[in-house]
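Each residue of the sequence shown is one higher than the one before, counting from 1 in full-length UniProt numbering. Since the structure comes first, as structure tokens, the remarks are kept for the end.
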Amino acid sequence: MLRVFSPTDTDFTSNGEVGIVPLLATVNKVDNGDYFLDLVTDIQYIDYIKPNNIVVAPTPTGEQPFRIVTVENTRSRITAKAYHLYYDTNKYLIADSYVVNNTCNYALDHLNSATDEATPFTTLSDVTGYNSYRCVRKTFNEAINEVLERWGGHLVRDGYDIKILSSIGADNGVTVRYGKNLKDISVKYDWSAVCTKLLPVGKDGFTLDNLYVFSDIQYELPYTKTVSFQQEVNQEDYESEDQYLQALREDLTQQAKNYLNVYQFPVINYTLSANIEKITDIGDVIEVIDERLGINVTTQVMSYVYDCVLGQYNEVQFGNTVPSLNNLIQSIRNDIKENIEENNTTISITLNDRLSESEQKIMGILGNSYVIYNGDSILVVDRLPKETATNVIRINSQGIGFSNTGISGTFNSAWEINGTFNCQSVNLINLTSDMIKGGTLKLGSNLNQNGLLEVYDSSNNLITELNKDGLKMYGIDGSYVIMNNTVGFVGYDRNDTPTFWVNRDEFHQKKAVVEDEITFMERMRFIPIQLYDDNDELINDGVGIISVNENNGFIKYRIVVTENSYDRDTNTSEINVKVQAWRTNSGYTTSGTGTCYCTIDGTKYTQSISSSQTITYNSYTTLLNKTVTVEHEQDGSKTVNVSAYIKHQRFSSNSQGFNVTLTTIPRQASIISIAPFTDVQNPVINYVNPLGEEVDDLVTVITATDNHPLTQPRELSKTGVSYTFELTDEEKETIYNYYPNDKETTLKFWINTYIGGTWYQSTYDANFTITEALPTIGTIAYHDINPTTVAVTEDDTKLVQNHSLPLIVFDSLTALKGATLNQVTINIGGNVYTFEVSGTSQSSFGCEIGGVLNFSSNVTANCTLTDSRGYNSSKTVELSILAYEIPSLTYSVRRHNNYYSDTDLYVDAKYSSLGGKNQLKIYYCYKEVDGATQPWARIYDKTLTTITLNNTKQFWVLFQAYDSLSVYSEQYAFFLDSGTPIAFFDRKMKSTGFNCFPTENNLVEVGGELKVQKVKQRLWDNANQRLILSGEEIQFTLGQFGTLGERNYWIDYYGTYNGYIEQSHVKNSGPVELWSGSLSSGSVTFATGSYNYYLIRGRVSTNGNYVTMLIPKMEITDTDTAYQLSNDANFISFRLKHSGNNLVMAYQNRTSGSTFFIDKVYGCY
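Dropping the structure here:
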């Protein structure tokens, strides 16, 4: 169960505002990362699950508070996300604060105290090392993250406690076997740094005799690298050359093995979607037996998803990491620390030996180093080029810095020029410090060297010394005090003569000065007395003796309350109260007269004290003794307040008191337990009735938690211990109807006991679950409600793709056991449609999809009915789909012999048959260029139609089709040029045209490419980027225009395929490029401009040939017109239309299986 608290609550030990049983509750936690709760619960908690409220949820480390951030409500559920209370650190701002050369623990304390308002958080860290950080205008959370980056460690969040610890997690012996047949685990391998075969290079290029060193683990393929290592082996330390070379070999071999031990494994991350027992938190150790690699890998938990309801993990991510340079050094330091701690009982080496070992370990790992001189600094890096390095040492005039995040990263350790060494941990022999902040400081032991602690004052005088002989404190006059287990507590003068000491319970002092007063044996006191006359003149000045009132700490008293008995019939108890006094010091006696006052349950009693009632050491003399009868509450409980004070001839006291809870007198029956039950079970009430047959009546009944009655009362056996409450069908129906929205709820059970005219109640809340209550779905049918498509298909169960309007009809929908219908969800091919439904049942319930279905084949509709409790049932129905596509045409228009007026039209249509029900009608029309459009006429599919079009004129021929659904195809346009003879002799112009009409005087024109034997008409001069026509006579530069008589030409060279295009124009100006790209799908838009023509270029062959089409501006309208670029074998078609001040060109079709495209559009005059 989860508990909800208000936004301002800080104590989470109570039950909070409400306890909730969630439908789903998972905790997500990442090491140094996210920590949040995902929650799904019933809508009944809507007043509690709201932003800023706090939810306390169980986690692997105990209950933790989470603050609600986002809430999303539906008709029946609430979905919320809550972040750990740690993220309240975002609400506190630090204006400007500076931590200078200090520990992580100090940094956290300092920053926590520097916020704009006091935080409720406490901080702690055991991370060693010093660092500095200036925090300017950042939240407390941002500051903590920066501390993590600079000092390192792991963030631990526990309620209002924030810790940064050097290590977390435990090794509980968890082992996971990762094999080929394990389905719940996924794995990510990183082999980039793996090395199993190493060629080490040592001092001055020294290599091993065998060159290579191999790792213990070998894979199918070797991972080979060469690494350079530093060797601190000096030749002068060896007698011969052979000894020196052998030392180099051994050192290089050891360094190579150390390197391979680290890098023989890949970096592996495992994600297991299953529960792992014995895992307690982030950082826990998991050993993985990786059968795929044949290795054992030690990993740590990096993140998890924990199910708060089931109390188990849903997902755990764990892995290993190849340590960085900084981590390797830290690991070595930790190893040294652990070894020292483990061997405290058998210490045989000194810290100097440990430091020597540390140096050897570091030198064995820090290979592969490169030194770079930058002018103002020296860099030592582990990889070249330096920008790719991870581990970096920088040396300049200010000191030495160390980074394991590259040359641009953070230098977490530094040795400054002033001698300050900032680092994560340190092993040393002597320590000089202003402050040591930590836990236990252990100095010396029977197995270690003698510990010594010295304290000096500001003048460098020794004032305190703590060593194996105890504590010694020095005075400025040479005197001193010693405390140890030999002499006890002794003060000495500067001549080493004892001046005071303690002997058992006696204090001895050679000399004493009493400033104010002194008391003897609590009987008399010496005090200074001065007397003055009326003129304020001192007449007596001396020491007087007075008696002592014993209001002191040596006389104590207590109140003793004893419950003698209780009476069930009268509902009363008899109690005895005593007030006792005693002395705490021996050898003294107090006597005299007085009175003891005692108030018991509101009634005040007194008793005289006689002089015979002496008070001595631990005498516990009774000064008052009263026995009284007190009446209990109706339920048999009773709390009595007792207080007392003493007025005595020798002393007096203040009033003191307390409450005493008496035994509850059995007055009523009570419920001991009721196990959770379902609606198909009868609950069993376990109860106890202390009075048995003495009670007048004993009944039980069940109500809702708001006390609304749900059942009829039942008589219980007065001497029984259990009762099976058999619910009738009518009572079950009452419960169902009262909880129409709950799968689970809480029922309140009552046992009412009638005693002496009064009813006493005992209640118990039991969990109740409604089962076997899935809503039912009858027969499912569907219909097409689009009259247009039904008129064509003549079958409303045949749905036409993208045209039919489906209606899905359920002949019956029924909610069970008091629930109501909530919604119907229909999933058709991934498209989800939701329909609200109400009541307890529906007949002939129709769901109109509200749109068409874009499927070309039969599809399944998955229908789900959900009731008010969240229970759901599903059924499917298969929808029969008729594939449909918009009609399209392939056409041709050809003059007979490319000249005569007789023109053949041919259309090849493509359309959907819809089961043979769809019919297509095709029409054509034509118009002279700059002429009127002729009426549309019918043409038939795959039928040659011949019409007469004046061969001296140019025409536009248009085609369009529509089918039985009144769906029109695109409008296709074909430009038909005037008839062209093979040769034409123009007597008037004195010109001849071949495959064209002459256009100029005294000229031979060719409508096409003219080739003369052994001479090409056109030639591309790639060196000079120009097109040569007719040999050397006419030349055109790329992208320019030139003049040939009265004609203008523009050349476009397409270098990829070594081809070109020549296009003539009316105006002496080159075309303007409006668009360039590759259009083979979709559409493009370009500005209309003031051009008269638009030149469209495209590629329609595999050898790189391009074709163009010149489209007059006046032919383009606001509706799509289809055009086609083609050669004898291939084509690519497109549509063109006006859209405001732009033209829209859309791809339509191309030769099947080709990759042809349109690549340029030009504006021409």
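For glycine and all other residues, C-beta sits at the position ideal for the given N, C-alpha and C. Since this is a predicted model, take the numbers as computed values, not measurements.
Quiz item: How is the alpha helix (DSSP H) around Val147 delimited, first residue to last?
Solution: The residue given as residue 147 occupies position 147 in the sequence shown. That run of the alpha helix (DSSP H) goes 140 to 151.
Quiz item: Does the distance from the C-beta atom of Gly778 to that of Phe810 stay below 9 Å?
Solution: Taking the sequence shown and counting its residues from 1, the one referred to as residue 778 is at position 778. Taking the sequence shown and counting its residues from 1, the one referred to as residue 810 is at position 810. The Cβ atoms of Gly778 and Phe810 sit closer than 9 Å to each other.
Quiz item: Less than 9 Å separating the beta-carbons of Ala961 and Lys988?
Solution: Working through the sequence shown from its first residue, we reach residue 961 at position 961. Working through the sequence shown from its first residue, we reach residue 988 at position 988. Contact: no.
Quiz item: Helix, strand or coil: how does DSSP classify Ile49 here?
Solution: Within the sequence shown, numbered from 1, the residue matching residue 49 stands at position 49. Coil.
Exercise. Enumerate in chain order the residues of its own chain whose CB-to-CB distance from Ala1122 is below 7 Å, with the five nearest sequence positions on each side excluded.
Key: In the sequence shown, counting from the first residue as 1, residue 1122 sits at position 1122. Excluding sequence neighbours, Ala1122 sits near Glu970, Gln971, Tyr972, Ala973, Ser1133, Arg1135, Gln1148.
Practice problem: Would you check if the region 154 to 163 and the region 59 to 73 touch, i.e. whether three or more CB-CB distances between them fall below 8 Å? | Solution: yes
Quiz item: What do you reckon, are the CB atoms on Val174 and Val285 nearer than 9 Å?
Solution: Looking up residue 174 in the sequence shown gives position 174. Looking up residue 285 in the sequence shown gives position 285. The answer is yes: Cβ separation under 9 Å.
Quiz item: Cβ of Tyr306 within 9 Å of Cβ of Pro60?
Solution: Here residue 306 corresponds to residue number 306 of the sequence shown, with the count starting at 1. Here residue 60 corresponds to residue number 60 of the sequence shown, with the count starting at 1. Yes, these two residues count as a Cβ contact at 9 Å.
Quiz prompt | Segment contact, 8 Å Cβ cut-off, at least three pairs: the region 677 to 688 with the region 643 to 659 | solution = Cβ pair count under 8 Å is below three, so no.
Quiz prompt | Residue environment, Lys91, which counts as buried when at least 16 other CB atoms sit within 10 Å | solution = Taking the first residue of the sequence shown as 1, we reach residue 91 at position 91. Looking at its Cβ environment, which holds fewer than 16 other Cβ atoms inside 10 Å, Lys91 is exposed.
Quiz item: Thinking C-beta only, is Thr89 closer than 9 Å to Ile162?
Solution: As a working note, residue 162 is residue 162 in the sequence shown. As a working note, residue 89 is residue 89 in the sequence shown. Cβ atoms of Ile162 and Thr89: closer than 9 Å.
Exercise. Alpha carbon to alpha carbon, how far is Thr746 from Tyr833? Give it in angstroms, no decimals.
Key: Sequence index remark: in the sequence shown, residue 833 carries index 833 (1-based). Sequence index remark: in the sequence shown, residue 746 carries index 746 (1-based). C-alpha separation (whole angstroms): 35 Å.
Quiz prompt | N-terminal and C-terminal residue of the beta strand (DSSP E) that Asn737 is part of | solution = Indexing the sequence shown from 1 puts residue 737 at position 737. From DSSP, Asn737 is part of no beta strand (DSSP E) but of the alpha helix (DSSP H) over 729 to 738.
Quiz item: What are the start and end residues of each continuous alpha helix (DSSP H) run of 4 or more residues lying completely inside the region 672 to 755, in chain order?
Solution: 729 to 738
Quiz item: According to the Cβ coordinates, are Asp38 and Thr74 closer than 9 Å?
Solution: In the sequence shown, residue 38 corresponds to position 38, counting from 1. In the sequence shown, residue 74 corresponds to position 74, counting from 1. No, the Cβ-Cβ distance between Asp38 and Thr74 is not below 9 Å.
Quiz item: For the alpha helix (DSSP H) that contains Ala983, what are its first and last residues?
Solution: Looking up residue 983 in the sequence shown gives position 983. First-last for Ala983: 983 to 986, but that is the beta strand (DSSP E), not the alpha helix (DSSP H).
Quiz item: Taking the alpha carbon of Ile268 as the point to measure from, which residue in Ser186, Asp216, Glu241 has its own alpha carbon closest?
Solution: As a first step, residue 268 is located in the sequence shown; it is residue number 268 there, counting from the start. Of the listed residues, the one whose Cα sits closest to Ile268 is Ser186.
Quiz item: Smallest Cα separation from Ser215: which of Thr207, Gly202, Thr196, Gly602?
Solution: Mapped onto the sequence shown, residue 215 falls at position 215. Comparing Cα-Cα distances from Ser215 to each of Thr207, Gly202, Thr196, Gly602, the minimum goes to Thr196.
Quiz item: Out of Thr139, Pro120, Trp151, which has the shortest C-alpha to C-alpha gap to Tyr130?
Solution: Position 130 of the sequence shown, counted from the start, is the residue given in the question as residue 130. Out of Thr139, Pro120, Trp151, Trp151 has the C-alpha closest to the C-alpha of Tyr130.
Exercise. State the beta-bridge partners of residue 1170 as determined by DSSP.
Key: The structure shown does not extend to residue 1170, since the chain spans only 1 to 1165, so no value can be given for it.
Self-check item: Residue from Met483, Val514, Tyr1093 whose Cα sits closest to the Cα of Thr501
Solution: If you number the sequence shown from 1, residue 501 lands on position 501. In the sequence as displayed, the identity of residue 501 is Trp instead of Thr. The shortest Cα separation from Trp501 among Met483, Val514, Tyr1093 belongs to Met483.
Quiz item: Hey, quick one: how far does the beta strand (DSSP E) through Glu631 stretch, first residue to last?
Solution: Residue mapping note: residue 631 aligns to position 631 of the sequence shown, counting from 1. That run of the beta strand (DSSP E) goes 621 to 631.
Quiz item: In terms of residue numbering, what span does the alpha helix (DSSP H) encompassing Lys257 cover?
Solution: Numbered from 1 along the sequence shown, position 257 holds the residue referred to as residue 257. Note, Lys257: alpha helix (DSSP H), 241 to 263.
Quiz item: How many angstroms separate the CA atom of Asn234 from the CA atom of Tyr244?
Solution: Stepping through the sequence shown from its first residue, residue 234 is reached at position 234. Stepping through the sequence shown from its first residue, residue 244 is reached at position 244. Computed Cα separation, rounded: 8 Å.
Exercise. Using a threshold of 9 Å, state whether the C-beta atoms of Glu1073 and Tyr1165 are closer than that.
Key: Working through the sequence shown from its first residue, we reach residue 1073 at position 1073. Working through the sequence shown from its first residue, we reach residue 1165 at position 1165. Their beta carbons are not under 9 Å apart, which means Glu1073 does not touch Tyr1165 by this criterion.
Quiz item: Taking Cβ to Cβ, would you say His154 is nearer than 9 Å to Ile144?
Solution: Position 154 of the sequence shown, counted from the start, is the residue given in the question as residue 154. Position 144 of the sequence shown, counted from the start, is the residue given in the question as residue 144. Not in contact: His154 and Ile144 (Cβ atoms no closer than 9 Å).
Quiz item: Would DSSP call Glu387 helix, strand or coil?
Solution: In the sequence shown, the residue the question calls residue 387 occupies position 387. It is helical.
Quiz item: So Val877 is in the beta strand (DSSP E); what residue range does that whole segment cover?
Solution: To locate residue 877, count along the sequence shown from 1; it is residue 877. That run of the beta strand (DSSP E) goes 872 to 882.
Quiz item: How should Arg134 be labelled, buried or exposed, when 16 other C-beta atoms within 10 angstroms of its C-beta is the threshold for buried?
Solution: The sequence position of residue 134 within the sequence shown is 134, counting from 1. With fewer than 16 Cβ atoms within 10 Å of its Cβ, Arg134 is classed as exposed.
Quiz item: In whole angstroms, what is the alpha-carbon distance linking Gly636 and Tyr736?
Solution: Numbered from 1 along the sequence shown, position 636 holds the residue referred to as residue 636. Numbered from 1 along the sequence shown, position 736 holds the residue referred to as residue 736. Whole-angstrom Cα-Cα distance: 37 Å.
Quiz prompt | Limits of the unbroken beta strand (DSSP E) element including His110 | solution = Your numbering for residue 110 matches position 110 in the sequence shown. Here His110 belongs to no beta strand (DSSP E); instead the alpha helix (DSSP H) covers 104 to 112.
Quiz prompt | Counted within 10 angstroms of its Cβ, other Cβ atoms place Glu506 as buried (16 or more) or exposed | solution = Along the sequence shown, read from residue 1 onward, the residue named residue 506 stands at position 506. The residue in question, Glu506, is exposed, as its Cβ has fewer than 16 Cβ neighbours within 10 Å.
Quiz item: Run through DSSP, which three-state label would Pro1071 get?
Solution: Looking up residue 1071 in the sequence shown gives position 1071. Coil at Pro1071, not helix or strand.
Quiz item: Would DSSP call Met302 helix, strand or coil?
Solution: Residue numbering aside, residue 302 sits at position 302 when the sequence shown is read from its first letter. In the structure shown, Met302 sits in a strand (DSSP, three-state: E or B).
Quiz prompt | Exposure of Gly993, with buried meaning 16 or more beta-carbon neighbours within 10 Å | solution = In the sequence shown, the residue the question calls residue 993 occupies position 993. It counts as buried.
Exercise. Taking all protein chains shown into account, decide if Ala675 is buried (16 or more other Cβ within 10 angstroms of its Cβ) or exposed.
Key: The residue given as residue 675 occupies position 675 in the sequence shown. It is exposed - the Cβ of Ala675 has fewer than 16 other Cβ atoms within 10 Å.
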